[in-house]
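Contents: one structure, followed by commentary.
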Amino acid sequence: MPLTAAKIYPKQFHATLGFGLRDFVAFLIDDHAITGPGWSIVEAFDSTVVSRQIPSTTTGTGALASFTGTFSWKDNTLTTDDWIVLETNIGGIEFQLYLEFATATSLQYILFPFEDFATGGAAVSPPTFPSRAVGSGTSVVTHSLANIDGGAWYSVVADEQMMALVIMRGGKFNISVGWVGSLSDPLPSDTRPFVIWDSPSSASLSISGTFTPFNRISPIDNNTVITNGLFAHFRVGGTGFPGGSSNIVLMDGTYWLDEQPLLPVMVVFNDTNNQHIAGYLRNSYAGHNRAAYRSVFGALEYIVFSDGDGTPCWCLPWDGVTDW
């Protein structure tokens, strides 16, 4: 099944992280008033009733309602330690994503690149992960959300094989991004080009060689977790990558004569014996730091955001309606 255009869950406000998580999960499985990419539920856990279930309907309208009895994912009553495992929707090689409501101010998640989560295990949180799980290395990614007590705005851009999660608690210094999914244009031999962002408290597209937020399973042996995944940006002058004194092209308006381009974001890995260009972030671009929060590039509209650290801005497709 071919990939379709990104689906957009635009800036939905939720008073608590539990409400936000349950709602954007409903979007991902296309069980929401906002059309989603049609991922499916593998299994979920309710810590209050100490039960894990596979619903009778795993994707689409009524999926969450098909859990039986009292169950938090059905009743929208998530409490900490509740978790869910989702699977992407491409009809071929897919991945699974574990999401946990860890604390009142943090999510946890981890990527299962071989879609090999074992259902029906002990009713505990967390469950047993597959041996080749990828998060912050082999541990879960913790998405900590300071200043969320008054609620937050959740935005998701997703298709059948990726998700970009943006959580905003007010002001440009309280935006965080999570990214997990399949990269575009990998090598043909790289059949599982799935990466996960391990620094979700940051909205930076930093070029620094010490900032390595992407992790994945090595495409060489399909077993080793590699963790030195970083951004590559177009540069002018200077020498070398990732260092040197050259300008990041998007940071210097001189080169663009007042144009505001979107450029693809390449992910490269620099782990010993695993150096490679992995591909491009899909549905995600780098934009000039002077671009407006909502900008039209060509015929499409995008949201533009950063954490104010002077690096290029994240740009994601937008719905053309919702105010950012």
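Residue numbering for the sequence shown follows the numbering used here, starting at 9 and increasing by one per position.
The beta-carbon is built from N, C-alpha and C at its ideal position, and this holds for glycine as well.
If one requires a minimum length of 4 residues, no alpha helix (DSSP H) run lies completely within the stretch 113-189. Distance between L308 and G328, taken at the CA atoms: about 8 Å.
Taking each of G77, P272, G158 and A34 in turn and checking the Cα distance to Y17, the smallest one comes out for A34. Remark: C-beta atoms of T67 and I49 approach each other more closely than 8 Å.
The criterion of a C-beta distance shorter than 8 Å is not satisfied by A294 and L173. Within the same chain, and ignoring the five residues on either side of F137 in sequence, the residues whose Cβ sits closer than 8 Å to its Cβ are Y106, I118, F120 and F125. Taking 4 residues as the shortest admissible run, the stretch 68-120 contains the following complete alpha helix (DSSP H) segments, listed from N- to C-terminal end: 80-83. CA-to-CA, the gap between R302 and Y288 works out to about 22 Å. DSSP links Q20 through a beta bridge to Y162. Among the bridge pairs identified by DSSP, Y288 is matched with S192 and M274.
Classified as buried, P221 has 16 or more neighbouring CB atoms from the shown chains inside 10 Å of its CB. Boundaries of the beta strand (DSSP E) around L308: L308 to F313.
Taking a cut-off of 8 Å on C-beta distances, the stretch 72-90 touches the stretch 24-34, as three or more cross pairs fall below it. A distance below 8 Å separates the beta carbons of Q116 and V149. In the DSSP assignment, R60 falls within the beta strand (DSSP E) that extends over S59 to Q61. In this chain, the beta strand (DSSP E) harbouring A52 covers S48 to D54. Residue state for G237 is assigned as strand, using DSSP reduced to three classes. Within the model, the alpha-carbon separation for V304 versus Y310 is close to 6 Å. Annotated three-state conformation of L213 is coil, per DSSP. With contacts defined as CB atoms closer than 8 Å, S184 and S210 qualify as a contacting pair. For N282, DSSP assigns no beta-bridge partner whatsoever. At a Cβ-Cβ threshold of 8 Å, K15 and W161 do not count as neighbours.
Linking S197 to L72 through their CA atoms gives a straight-line distance of about 37 Å. Annotation: the continuous alpha helix (DSSP H) that includes R30 extends over L25 to L36.
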